[in-house]
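*Asks:*
Chains as they are written, first to last, in the working numbering: chain L, 32 to 506; chain B, 69 to 542; chain V, 404 to 502.
Laid out in structure tokens, this is it:
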């Protein structure tokens, strides 16, 4: 979507990602999604009097990994308390980084060639989760709320971009690329639908060349689709408001996916006084060069680099395979594709089976080894398996594990032994003397007739090329 | 009661059973607790079980630890599993923590027997124990007077011979001042020497837990047990517990003792005289006396009364009626929190929360809190300079002996000013010890204070022991 | 520093979630004002360039390994709650979204 002539949108994104640690940020409770309410809590993450936080080293290293991947300067940092009362926050303050974040500056280059500045990427703790009773489950109109503190103290990194984004499409590309980086660093599982990645969008509009307008912050966008729709709606709303002679009020807005619109959530108040001060229960974090180097050395290649590798391998076939390539990079399936290409599997096939079959059962991807993927595709390419059979084998391995040859055998997929095929063909010739004589006289179209009959008798197990070979042997 | 040292020896050697020691302690508590209001909770059953278990281990010939059978009183801001812990506040009435403070675990491991929880100024905010929601504690030496605070209950427990050992916490003098007013040894250890895990925070960057005892050796024994690195406290110093008891008799020969005018001037005459006698004693014991002026210490009071309330305002935010303790119902969650806090906190706590909230709020942070942090730096630098010229410093602990009930309650500022000698050590995080030395008005005890650089506890105990002997307690 | 005003005290009470009666507001304005005036002696100092100390000792990089420790028993957790429902802490209606 484009804005009316003469208008430009200015967007900055704040991406919050839960870190994939075993335990919470300041205590040894499991960092896990979906457990029964208030079963993953202890004195620290419940904020019981007398409890004290101790920082999880893995959270620090994942934050450093994100910063390294975003070309940030890893810096001496401190923790602050952000003080405000809210029932899902057990201490009634949030431990966060304030004026001295661990990652300062940086940038992210997007596949479209643009660059978005990173202002900071800092560590903070997540809050608990409220459920609202009555009022249709929404906060407004509810009679009472129930709080589960399992999420309280889960480590988060908040990545703040500069106001460099100029379209919803670019915002989407940025968020997708960043998500790829979060997955590649091992910092996050990237699951937006479970809330492990949440995006706030700061949106303002201006007439081209004018100074920045007043921005609104849209909170908690949980999918790339919502991100795009919310930004487009909000920018259009602001343009309409301004063209009608109104002004934009700085506020926090809520995106309603069903209505497809944003609405006021809370107006920035005088009372927003968080009384930040240094968290006296934690000490400074000063990662030395050796520690930073260890984190850097442990990093896997980032999406941009992996994209470049695959694009180079594909040469002039790259443009045609662009969509599949993006899926493969996004899902981190490039090791499969590269191994298949190395084994001289055709590029179309190498990408298609990854971007379709593996992609549709990603949760079980660990069941499928790179070797099994390559072996299955080689059987397909050599004709030992039909396309349908190869797909079935992959689906089966993903679902239940196993090894391709034995699965093909157990399903009866192994190419029909030549002897067996010969018997079938002989039987058909005997039963169809007319067709056979016309074929023998040179009517090649009748080969299709015989292939069809063989397929019927073998329930699709035969290979067309081999049927022709058997027919020709008897001509 | 016998001393910590003698009790542990008797129990270790089988000369006394832990249970008989405990029964003596419980009898003494029963005899005077109603009158003095020392204990808010006595865990007779739990203590008897612990003592009996200990006796069985002694019978089996096991090593039962350095504090075997020693009854201990715990200030009621220290968490002990399933024992009511109130901070002398209505807001926590009825709450039983599901975990124990590290110091409590260490006491138990060393064979000590926690007998109960002692009264304090609500959330340790005060200098007289008059700010307790459960009534003031009386000074066992003169029941018309305060025992000091905020660890007034812990001090009174030892002074009334209910237990030979009590733990307190010291944020601005809350161990040393009641020790002085009750005639006891009180130690504020180096910040980070003793784990704060399980101590309900008043001001996190200032709080330290320490012992109150009748003898220097007893204090050293107790501190050895509770000190040492704890992975549950990020501000815990990395080293293991220091050797202290072995150095108690080291003396002060060859040490330079700095007599700090700013820790003496303004005190009552009898207090000044006691400090001067202490100077003579240390000199005779072979110390070199250096007169020092450290004017920064006076400024410490202003910094302290912004830093401590600022941290407290945040530490006490969690008492909101949502998860534990008191809840006063209301129509919405904000009103509920406000009603709960308004009903649950006493006046002094509210005063400090207000002060701290103001000092941190937008527009005032730089002028108050920010400025106070800089003054804290000046205090630390001033100590560093002083320790170039002296190995330890000497001053008064309090400006006067124990005062009468109600004499300072109407004027918070007057009460705050009485902490002027103890506050600097909390700001610098360095250790200090109060030792009873002579008596003053109405025959009440006077405390003198020895201060030293970080981790110099052994040296402080040695100096305190010299004064203890000179004061007639060999 | 300008002296403390009654409306400042009222604002701070709101921030701190404390209700103050008129009489309390008056009293606190006077008492807090006294402490703040005393603190004013700090402003006489030249503190330019002095590095603030938030913490007495300069420990750095205190971290723990990413290892599980026992959580609390769910029953113990919920037993503490002033009000609970369905294994969760129950509170009266929440009027506004979190900031």
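A virtual CB, placed ideally from N, CA and C, is assigned to each residue, including glycine.
Does the CB of residue 340 of chain L have a neighbour CB from chain V at under 8 Å?
*Replies:* Under the Cβ distance rule, residue 340 of chain L does not count among the residues neighbouring chain V, no pair being separated by less than 8 Å.
*Asks:* Would you mind sorting residue 298 of chain B into buried or exposed? The rule is 16 or more other CB atoms within 10 Å of its CB.
*Replies:* buried
*Asks:* Assign residue 161 of chain L to one of three DSSP states: helix, strand, or coil.
*Replies:* strand
*Asks:* Could you check the C-alpha separation between residue 224 of chain L and residue 157 of chain L for me, to the nearest Å?
*Replies:* 17 Å
*Asks:* Consider the Cβ of residue 502 of chain V: report whether some Cβ of chain B lies at a distance smaller than 8 Å.
*Replies:* no
*Asks:* Pull the bridge partners of residue 138 of chain L from the DSSP assignment, please.
*Replies:* L/148
*Asks:* Which partner residues of residue 278 of chain B appear in the DSSP bridge assignment?
*Replies:* Checking the DSSP bridge columns, you'll see residue 278 of chain B partnered with B/236.
*Asks:* For the 8 Å Cβ check, are there 3 or more pairs between the region 472-482 of chain L and the region 426-446 of chain L?
*Replies:* The region 472-482 of chain L, when compared against the region 426-446 of chain L, does not touch it at the 8 Å Cβ threshold.
*Asks:* Quick check: residue 293 of chain L and residue 284 of chain L, are their CB atoms within less than 8 Å of each other?
*Replies:* Their beta carbons are under 8 Å apart, which means residue 293 of chain L touches residue 284 of chain L by this criterion.
*Asks:* Quick one: what does DSSP say residue 455 of chain L is sitting in, helix, strand or coil?
*Replies:* helix
*Asks:* To the nearest angstrom, how far is it from the Cα of residue 234 of chain B to the Cα of residue 497 of chain V?
*Replies:* 44 Å
*Asks:* Check whether chain L comes within 8 Å of residue 398 of chain B, counting only Cβ atoms and requiring the distance to be less than that.
*Replies:* no
*Asks:* Run the CB neighbour count on residue 561 of chain B, radius 10 Å, all protein chains shown included, and call it buried at 16 or more, exposed below.
*Replies:* The structure shown has nothing for residue 561 of chain B, since chain B only spans 69 to 542.
*Asks:* Please report the straight-line C-alpha distance between residue 481 of chain B and residue 526 of chain B, rounded to a whole angstrom.
*Replies:* So the two alpha carbons sit approximately 35 Å from each other.
*Asks:* According to DSSP, is residue 325 of chain B helix, strand or coil?
*Replies:* Residue 325 of chain B sits in a strand when the DSSP states are folded into three classes.
*Asks:* Closest by CA to residue 453 of chain L, which one among L/506, L/431, L/402 and L/441?
*Replies:* If we check each option's Cα against that of residue 453 of chain L, L/506 comes out closest.
*Asks:* Under three-state DSSP, which class holds residue 139 of chain B?
*Replies:* strand
*Asks:* Please report the Cβ distance between residue 81 of chain L and residue 169 of chain B, rounded to the nearest whole angstrom; I am assuming they are in contact, meaning their Cβ atoms lie under 8 Å.
*Replies:* 6 Å
*Asks:* Taking residue 485 of chain L as the reference, give the member of L/501, L/470 and L/371 with the closest Cα.
*Replies:* It is L/501.
*Asks:* Taking the alpha-carbon of residue 125 of chain L as reference, which of L/147, L/410 and L/307 has the nearest alpha-carbon?
*Replies:* L/307
*Asks:* Start and end of the beta strand (DSSP E) containing residue 109 of chain B?
*Replies:* In this chain, the beta strand (DSSP E) harbouring residue 109 of chain B covers 107-110.
*Asks:* Who does residue 359 of chain B pair with in a DSSP beta bridge?
*Replies:* B/327
*Asks:* Measure from the alpha carbon of residue 296 of chain L to the alpha carbon of each residue in L/303, L/286 and L/305, then state which is nearest.
*Replies:* L/286
*Asks:* Starting from residue 176 of chain L, follow the beta strand (DSSP E) in both directions and report where the run begins and ends.
*Replies:* 175-179
*Asks:* Would you say residue 51 of chain L lies against chain B (beta-carbon separation less than 8 Å)?
*Replies:* no
*Asks:* DSSP three-state call for residue 295 of chain B: helix, strand or coil?
*Replies:* strand
*Asks:* What are the residues in the region 301-323 of chain L lying within 7 Å of chain B by C-beta distance?
*Replies:* So the list reads 304, 306, 308, 311, 312, 313 and 314, given in the order they occur along the chain.
*Asks:* Does the separation of the CB atoms of residue 293 of chain B and residue 328 of chain B fall below 8 Å?
*Replies:* no
*Asks:* My output table needs one value for residue 42 of chain L: the three-state DSSP class, helix, strand or coil.
*Replies:* strand
*Asks:* Taking the CB atoms as reference points, tell me whether residue 262 of chain B and residue 243 of chain B lie closer together than 8 Å.
*Replies:* With a cutoff of 8 Å on beta-carbon distance, residue 262 of chain B and residue 243 of chain B are scored as not near each other.
*Asks:* For residue 438 of chain V, is the classification buried or exposed, using 16 other Cβ atoms within 10 angstroms of its Cβ as the cut-off for buried?
*Replies:* buried
*Asks:* What residue range is occupied by the uninterrupted alpha helix (DSSP H) comprising residue 78 of chain L?
*Replies:* Per DSSP, residue 78 of chain L belongs to no alpha helix (DSSP H) and is neither H nor E.
*Asks:* On the DSSP bridge assignment, give the partners of residue 286 of chain L in chain order.
*Replies:* L/293
*Asks:* In the DSSP output, what is residue 186 of chain B paired with across the bridge?
*Replies:* In the DSSP output, where bridge partners are listed per residue, residue 186 of chain B has B/107 and B/143.
*Asks:* Taking a contact to mean a Cβ-Cβ separation below 8 Å, would you say residue 463 of chain B touches residue 358 of chain B in this structure?
*Replies:* Taking 8 Å as the Cβ cut-off, residue 463 of chain B and residue 358 of chain B do not qualify as a contacting pair.
*Asks:* Give me the Cα-Cα distance between residue 53 of chain L and residue 230 of chain L, rounded to the nearest whole angstrom.
*Replies:* 23 Å
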